[in-house]
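Q:
Residue numbers (this note's numbering): 689 to 826.
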């Protein structure tokens with residue numbers, strides 16, 4: 689499955705919409721920023737962080753969490769399509785036409801023993817956290 693995704697929609701790909709003036713009006717309490725002649729807005733749509741400037745709209749976060757409410761259940765092709773359709777409605781632009789600049793893949797292992805018994809076999813990576821998700825649905 690994939691988890692984190694970063695989507696970019698360049699302003700020139702949607703000439704009928706002024707992204708900088710229209711996107712912030714679709715969401716409550718966007719944050720405004722400026723630096724000299726550069727302006728931008730940013731905010732959240734559920735768990736997804738968005739930002740927009742005069743050049744592009746960027747949306748980043750876990751598509752699984754957006755669609756499923758968590759990021760440990762898989763999201764299939766139908767779920768991905770539904771999530772992108774929902775995002776297109778929320779943002780007022782066709783997200784299916786977005787450029788994908790980041791996509792993180794992950795896998796969940798379902799094991800018989802407590803996860804701590806497996807950690808020594810996975811190696812040590814300073815930036816990775818091993819997490820236990822208790823799924824007592826069986």
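We put the CB at the ideal spot given by N, CA and C, even for glycine.
Near residue 749, which residues of its chain fall below 6 Å by C-beta distance, leaving aside the five closest residues on each side in sequence?
A: As a first step, residue 749 is located in the chain shown; it is residue number 61 there, counting from the start. Correct list, in chain order: 735, 736, 737.
Q: Does the count of Cβ pairs from the region 741-755 and the region 768-785 closer than 8 Å reach three?
A: Touching, yes, given that three or more Cβ pairs across the two stretches are closer than 8 Å.
Q: With distance defined between alpha-carbon atoms, name the residue in 747, 740, 703 nearest to residue 720.
A: Taking the chain shown and counting its residues from 1, one reaches residue 720 at position 32. Of the candidates 747, 740, 703, the one whose C-alpha sits nearest the C-alpha of residue 720 is 740.
Q: Quick check on DSSP: helix, strand or coil for residue 749?
A: Against the chain shown, residue 749 aligns to sequence position 61. Residue 749: strand per DSSP, three-state reduction.
Q: Determine, using beta carbons only, whether residue 708 and residue 742 come nearer to each other than 7 Å.
A: The sequence position of residue 708 within the chain shown is 20, counting from 1. The sequence position of residue 742 within the chain shown is 54, counting from 1. Yes, the pair counts as a contact, with Cβ atoms nearer than the cut-off.
Q: Would DSSP call residue 711 helix, strand or coil?
A: Working through the chain shown from its first residue, we reach residue 711 at position 23. If DSSP states are grouped into helix, strand and coil, residue 711 belongs with the helices.
Q: I'd like the ranges of any alpha helix (DSSP H) spanning at least 4 consecutive residues and lying wholly in the region 766-812.
A: Qualifying alpha helix (DSSP H) stretches, in chain order: 807-810.
Q: Buried or exposed: where does residue 744 fall if 16 or more other Cβ atoms within 10 Å of its Cβ makes it buried?
A: Mapped onto the chain shown, residue 744 falls at position 56. Counting Cβ neighbours within 10 Å, residue 744 comes out buried, since at least 16 surround it.
Q: Taking the straight line between their C-alpha atoms, what separation do you get for residue 763 and residue 783?
A: Residue mapping note: residue 763 aligns to position 75 of the chain shown, counting from 1. Residue mapping note: residue 783 aligns to position 95 of the chain shown, counting from 1. Approximately 17 Å between the Cα atoms of the pair.
Q: Keeping to the same chain, check which residues put their C-beta closer than 6 Å to that of residue 789; ignore five residues upstream and five downstream.
A: For the purposes of this step, residue 789 is taken as residue 101 along the chain shown, with counting starting at 1. The answer, listed in chain order, is 694, 696.
Q: Could you work out which residue in 798, 732, 796 is closest to residue 716 when comparing CA atoms only?
A: Locating residue 716 in the chain shown gives position 28, where the first residue counts as 1. Nearest C-alpha to residue 716: 732.
Q: Using DSSP's beta-bridge definition, name the partner residues of residue 697.
A: By 1-based counting over the chain shown, the position of residue 697 is 9. According to DSSP, which records beta bridges pairwise, residue 697 is partnered with 745.
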